[in-house]
Every structure is written in structure tokens, then in C-alpha cells.
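Here's the structure we're looking at; comments come further down.
Residue numbers (the numbering used here): -15 to 139.
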């Protein structure tokens, strides 16, 4: 009987020590399983967004200037540099948070950042505003030359 208790205690201590070692070392940042991203085609997204506007928050993560020049109808602007402060105000359930930028790359970074903060209600708009415009979906703003012309650093 004592050997069983000793074995169970040893296994338990090993598991706890391993968990602590992983948490307090750079090992906690190692990804063993590639993260997944819930992606939606812009047209499919817009149809669902239009039919169920209370289901989504559409966030354009580009700078305010680029957002003002042309953005997806129904999108609000939360520039990526503001996500550290703004992620506290966004819902973690009840609504899907859809992220869009010019090509999809900056929105993918925002997606990963939010996923790291525990958000599981995320949607990434495939191809960003470039695909949105190519699908002929509604755009607010007049300077559509910004769509597809801006480098990812300035999205």
C-alpha cells in the first residue's frame, strides 16, 4: 500500500514540477500545435453580417487615416496599435469579432494577439479589403486607391 501512495505522489509531483517548469520558462511560448484561424470569404461574411448584424463586430485594424479613406461598410476602426488597451472592452462571447485590414496580414496578427488573450470568438476576413473590393461589397469612403496600394506596414 505504501508503494502505491509513494508512486502516486511521485507521479503527481512530477506533473506539477513539469507544469511549473513550462510556465516559468520560455517553453510556455513553444507552440506544439499550429494555431488555427477561423477564416471567412468576404462575400459569405457580408451576407451573414447583413442578415445578423447583432452577431458580429467588424473591426478594421488599419490606421485611422487609411480606414477613413475607404473601409468596409459596417466596420469600426480599432488600429492594431490600440489593441493592448482595447481588448479589455471587447466581448469574449455573445458576438463574433471579425477582423479586416488591407490584405489580411495585419488582421491575422491581431487575430493571433487576441487569441493569446483568450478570445475564441474571432473571424478573419480572407484577403482583407482587397478581396472585399474585388467581391463588389459595399465600401464607405472615396479613396479606394488605398485598397491594395498600401504596404502592410501602413495598413
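Where is the CB? At the ideal position from N, CA and C, for every residue including glycine.
Look at the alpha carbon of residue i and the alpha carbon of residue j, and state the distance between them as a whole number of angstroms.
i: residue 135; j: residue 89; result: Note that residue 135 has pLDDT 42, beneath the 50 cutoff, so the model's placement of it is unreliable and no number is given.
i: residue 45; j: residue 107; result: 13 Å
i: residue 52; j: residue 126; result: 9 Å
i: residue 59; j: residue 42; result: 5 Å
i: residue 111; j: residue 122; result: 16 Å
i: residue 115; j: residue 30; result: 12 Å
i: residue 33; j: residue 25; result: 12 Å
i: residue 138; j: residue 104; result: With a pLDDT of 42 at residue 138, under the threshold of 50, the predicted position of this residue should be treated as unreliable, and no value is reported.
Give me the residue from the options with the minimum Cα distance to residue i.
i: residue 69; options: 52, 94, 56; result: 94
i: residue 40; options: 54, 74, 124; result: 74
Looking at the secondary structure, which residues open and close the beta strand (DSSP E) in which residue i lies?
i: residue 82; result: 80 to 84
i: residue 107; result: 106 to 109
With a Cβ-Cβ cutoff of 8 Å, do residue i and residue j count as a contact?
i: residue 81; j: residue 109; result: no
i: residue 113; j: residue 56; result: yes
Going by DSSP, what residue range makes up the alpha helix (DSSP H) through residue i?
i: residue 64; result: Here residue 64 belongs to no alpha helix (DSSP H), and DSSP marks it neither H nor E.
i: residue 90; result: 89 to 100
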